[in-house]
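Quick note: the sequence shown uses my numbering, first residue 7, plus one each step. Idealized CB from N, CA, C, for every residue including glycine. First comes the structure, then the notes that go with it.
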Amino acid sequence: MYNGVGYNPVLIREGWQVAILNYLSGHGMNEIDKLEVHNKTDEVFILLKGTAILIAGKPGAEPLAYELVKMEQGQIYNVPKGCWHNIAMDEEAGLIIVENDNTHKNDVSYLPLHEAQQRELAHRIKELITQ
């Protein structure tokens, strides 16, 4: 098991990989400042420990529409290709990610969130984790 900070591929095979994502600055519950999208592949997340919120964003409207899911340990979450997303995590959180190899190098685009979008998202995350 990888216990370091951030993202670390732990198994790479022909065309796919398994990685561990542990808490990383920028992924805190109040720190999400962008969404990302992969246009060639789905991405699978499994929460191992801690608290994490899966964020799916729908660009194109103001305010930006979000779907938030408080992740459950051991549950498999599939983010389909073309879906803008991110993960908000507490400092104890750790996830497994299954994806095409080199996804984060060759198949990623980012959508920066402006300050009002960041505040709204942080507010919605706080509401969800305190339920």
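Query, Result
"Is residue 73 close to chain C? Criterion is C-beta to C-beta, closer than 8 Å.", "Protein chain content of the structure displayed is limited to a single chain, and chain C is not contained in it."
"Alpha carbon to alpha carbon, how far is residue 79 from residue 64?", "25 Å"
"Suppose contacts are defined by Cβ-Cβ distances below 8 Å. Is residue 87 in contact with residue 47 by that definition?", "yes"
"Can you list, in chain order, the stretches of the beta strand (DSSP E) that have 3 or more residues and sit fully within the segment 25 to 109?", "40 to 43, 49 to 55, 58 to 64, 71 to 76, 82 to 85, 90 to 95 and 100 to 106"
"Could you spell out where the beta strand (DSSP E) holding residue 127 opens and where it closes?", "Taken as a continuous stretch (DSSP letters only), residue 127 belongs to no beta strand (DSSP E), being part of the alpha helix (DSSP H) at 121 to 135."
"I need the straight-line Cα distance from residue 95 to residue 131, nearest angstrom please.", "10 Å"
"Return the CA-CA distance between residue 36 and residue 20, expressed in angstroms with no decimal places.", "37 Å"
"How many Å lie between residue 28 and residue 43 at the Cα?", "20 Å"
"Quick test of your reading: residue 98 and residue 56, contact by CB under 8 Å. State the CB separation rounded to the nearest angstrom.", "3 Å"
"Distance check for residue 101 and residue 23, CA to CA, integer angstroms please.", "14 Å"
"My guess is that residue 127 and residue 40 are in contact by the Cβ rule of under 8 Å, so how many angstroms apart are they, rounded?", "Incorrect: roughly 10 Å between the Cβ atoms, too far for contact."
"Once DSSP output is grouped into helix, strand and coil, what is the label at residue 112?", "helix"
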